[in-house]
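In the order they appear, the protein sequences are chains A and B. To convert, note that position 142 of the first sequence is 1178 in my numbering; the numbers rise steadily by one, no gaps. To convert, note that position 191 of the second sequence is 270 in my numbering; the numbers rise steadily by one, no gaps.
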Amino acid sequence: MSASAAPGTPEAFDCRVAFAEELATTARADPRIVVVCNDSIGSSNLAPFSREFPDRTVNVGIAEQDMVGVAAGLANGGYVPFVCGAAAFLSGRALEQIKNDLAYSGYHAILCGMSPGLAYGELGPTHHSIEDIAWLRAVSDLTVVVPADPEETRGAVRWAIEAEGPVFLRISRFRVPPVTPPGARFEAGKATELRRGRDLTILASGTMVHRALEAAALLAQRGLEARVLNLSTVKPLDVEALVRAAVETGRILTVEESIATGGLGGAVAEVVCQRHPVPMRILGAPHFAPTGDSAFLFEYFGLTGTGIARAALELLGRGAP
Amino acid sequence: MDIENKYAEDGTAPPPLAFALGPNLAAEVASAEPARRAELLARIAAEVRATIVRTVGGARFGHIGGDLSVADVLTTLYFGVLRVRPEDPAWPDRDRLVLSKGHCAAALYAVLSLARFFPVEALERFVQPLSPLSGHPNRRKVPGVEANTGALGHGLPFGVGCAVAARLAASDRRVFVILGDGELQEGSNWEAAMAAGHQGLGNLTAVVDRNGLQQGARTEATNRLEPLADKWRAFGWEVADVNGHDTRALLEVFSRPHDGRPRCVIAHTVKGKGVSFIEDRVEWHHKAPTPAQVAQALAELGR
């Protein structure tokens, strides 16, 4: 598999590393924290945690339904489980356990969907997790967070420990440049404005946020000022920021590393069409990915700075760049 | 967790707060001479069955066949085995009881109310609009419920987590999971069985309500479970076959120390036990008796 298709700047970092470091740091001070995983010690970057806390690492083997049920049972005993597995299998295989054992039962656990979206490139659609946001967004009482960079990942981990009910954290393996302003405190349900603009708003989450900023820079060369919002909490949405964007910029483009139906774009559209309808464009993967590494797939689906800028120009009726 | 508060939260009138406390049945069993305990439990089980019949008959809704088959198991556990505090249902060191066959909620509610987790009068609102007592149990509404079961194959993984938590906390609390036999066709049970065997969870007991019937037909005609004991043994469990209506045998097996392995108790039962026209009949899986049938059933139960 391709290691990464990230923009290759020397300052790029892997969110999984930040996640694992933050988890171990908080676990040293908080004995409630345990890890439940599905033979994913390596792929979830949990080797240091499991060495330091062998008793607090519950590896149930390749059994995602059991993994989530066990986590709910641990939460029943007062523990705070971090449930770590590849996002595709955690969200798909254990969806009913997430719904019933955690969300409906009201148990607090942090579901860590590792290597989501198109991260597994050549491994193909069985391993891609483009449906997770759409599936999980439909589950009541579940918070869905898609951090954009390592700093936001750390903040989201710290916040999630004290959250109520279950949380889904989508932890990317791509190396991404930092986009979170230094010292910013993670606040669930709040969009972060990363660039001001009045011509349209680009709403992005996760690995698409820095690409949205690239697109905004390209648009600026053509005299167009795009507002860029990092919508890291997909559920619940920052409704006020969305409505403000619709009112003030009149055009909304959403960008996500997931299926273009029912995910971030769908969530935003639900708000926009009911509160302040404006023309929208939803950029994501419209269907299963063809064969190719992640870099190719991002190009193929137009999920690059250039591709996002092109979609923005179409939305503005300006034609191709 | 307080049932009165939850009624209020739903915007409906609370049930009567004055709850005439009946006898503390668990305390009575505990203080009886050991030889008399099983007999007392059998008498309580008869009351549980009558309560189930009244509740399901009154609501015209319920899974009465499975409710009646599991009545002796639930009664023995709640009034003879479990260390729980009805006045403090969230007590951290309580024993955990998970009813994985959540469709038999009426049986669980009957036992919880007789055990004084909430007023028996609340049963009159079983499955009524906005009642906390849904057709499957909801722990956010009903004190004493540990997990929102109903989708099958969820209780055993949850119970494994409870057992691991008890071990991590160095607590001697125990975990009991009650499974339907048809439910064992769900693969998630065997994921959990494998993990429990591997982990050597000697604080975990799975009780299979082996009544031989599932929704549409006999288990063995649908997707064969036998040899069931061998399956559990192969996953690293100790297995005990008992008569699931014999409170003496149930009390003995639930009180026996573990040998370091999880234990599966295969409780051989009759679906609909105690009511002649319901016993061992597949059509009574999800069906409510008419008022005349309720009267006949209560007469057969000596009420």
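Note that CB positions come from ideal geometry on N, CA and C, so glycine has one too. This structure is a prediction, so every number in the text was calculated from the model and none was measured.
Counting only beta-carbon separations shorter than 8 Å, does residue i have a partner in chain B?
i	result
A1083 (chain A)	no
D1168 (chain A)	no
D1235 (chain A)	no
Y1115 (chain A)	yes
D1185 (chain A)	no
D1102 (chain A)	yes
Look up residue i in the DSSP assignment and say whether it is helix, strand or coil.
i	result
V373 (chain B)	helix
D1185 (chain A)	coil
N227 (chain B)	coil
P1117 (chain A)	strand
T1228 (chain A)	strand
F333 (chain B)	helix
I1166 (chain A)	coil
I1098 (chain A)	coil
K310 (chain B)	helix
C1337 (chain A)	The sequence given here places Phe at residue 1337 (chain A); Cys does not occur at that position. Residue state, collapsed to three classes: coil.
T155 (chain B)	helix
K180 (chain B)	coil
E1132 (chain A)	helix
V1215 (chain A)	coil
E305 (chain B)	coil
V108 (chain B)	helix
E1292 (chain A)	strand
E1283 (chain A)	In the sequence as presented, Glu is not what sits at residue 1283 (chain A); that position holds Val. It is helical.
D320 (chain B)	strand
T284 (chain B)	strand
V1180 (chain A)	strand
I1077 (chain A)	coil
For the candidate residues the options, whose alpha-carbon lies nearest to that of residue i?
i	options	result
E1284 (chain A)	A:V1314, A:I1166, A:R1129	A:V1314
S148 (chain B)	B:G381, B:S355, B:A374	B:S355
G229 (chain B)	B:P165, B:L161, B:H142	B:H142
G1299 (chain A)	A:L1319, A:R1280, A:R1287, A:I1288	A:L1319
I1069 (chain A)	A:E1187, A:A1174, A:A1196, A:W1171	A:A1196
A383 (chain B)	B:V108, B:Q278, B:G259	Beyond the ends of chain B as shown, which are 80 and 382, falls residue 383 (chain B); an answer cannot be given.
E1167 (chain A)	A:R1129, A:R1280, A:E1198	A:R1129
R360 (chain B)	B:R297, B:V373, B:T326	B:R297
S1141 (chain A)	A:E1198, A:V1175, A:L1154	A:V1175
L1178 (chain A)	A:H1164, A:G1201, A:A1184	A:G1201
K352 (chain B)	B:A117, B:A150, B:P113, B:A374	B:A150
E1391 (chain A)	A:D1066, A:A1348, A:T1342, A:G1341	Limits of chain A in this structure are 1037 at one end and 1357 at the other, which puts residue 1391 (chain A) out of reach.
H1246 (chain A)	A:P1186, A:A1321, A:G1105	A:P1186
A1108 (chain A)	A:P1084, A:G1338, A:I1134	A:I1134
D1235 (chain A)	A:L1255, A:G1242, A:L1147, A:A1123	A:L1255
For residue i, verify whether its CB is less than 7 Å away from any heavy atom of the ligand COA.
i	result
F1324 (chain A)	The ligand COA is not part of this structure, which contains no ligands at all.
What residues from chain A crowd round residue i, counting only those whose CB sits closer than 8 Å?
i	result
E225 (chain B)	N1112
R340 (chain B)	Neighbours of R340 (chain B) on chain A: none; closest Cβ ~18 Å, over 8 Å.
R218 (chain B)	S1141, G1142
Please list, in chain order, the chain D residues whose beta carbon lies closer than 9 Å to that of residue i.
i	result
G1109 (chain A)	Structure shown: chain D not included; protein chains present are A and B.
At 9 Å on the CB atoms, spell out the chain B contacts of residue i, in chain order.
i	result
F1076 (chain A)	The displayed chain sequence assigns Ser, not Phe, to residue 1076 (chain A). The premise fails here: S1076 (chain A) is roughly 15 Å from chain B at the closest Cβ pair, so nothing lies under 9 Å.
Interface residues of chain B around residue i at Cβ under 7 Å?
i	result
Q1257 (chain A)	Those do not exist, as Q1257 (chain A) stays about 54 Å from chain B at its closest Cβ, beyond 7 Å.
Does any residue of chain A bring its CB to less than 8 Å from the CB of residue i?
i	result
H233 (chain B)	yes
A271 (chain B)	yes
P171 (chain B)	yes
S210 (chain B)	no
A184 (chain B)	no
S213 (chain B)	no
S267 (chain B)	yes
M80 (chain B)	Summary for M80 (chain B): the model assigns pLDDT 40, below 50, so the residue's position carries little reliability, and this model does not support an answer.
Can you pull the chain A neighbours of residue i, defined as C-beta to C-beta under 7 Å?
i	result
E112 (chain B)	Going along chain A, no residue has its Cβ under 7 Å from E112 (chain B), so there is no contact; the nearest lies around 35 Å.
A230 (chain B)	E1132, N1136
List, in order along the chain, the chain B residues whose C-beta lies closer than 8 Å to that of residue i?
i	result
V1106 (chain A)	P236, F237, V239, G240, V243, A271, A274
*Note down, in chain order, all residues in the segment 236-258 of chain B with a beta-carbon under 7 Å from any beta-carbon belonging to chain A.*
Correct list: P236, F237, G238, V239, G240, C241, V243, A244, A245, L247, A248.
*Along the segment 1083-1100 of chain A, what residues have a CB closer than 8 Å to any CB found in chain B?*
D1091, R1092, V1094, V1096, G1097, A1099
*Of all the residues that make up the segment 1126-1143 of chain A, which are near chain B by a beta-carbon distance shorter than 7 Å?*
Those residues of the segment 1126-1143 of chain A that come within reach of chain B (Cβ to Cβ, closer than 7 Å) are E1132, Q1133, N1136, D1137, Y1140, S1141, G1142.
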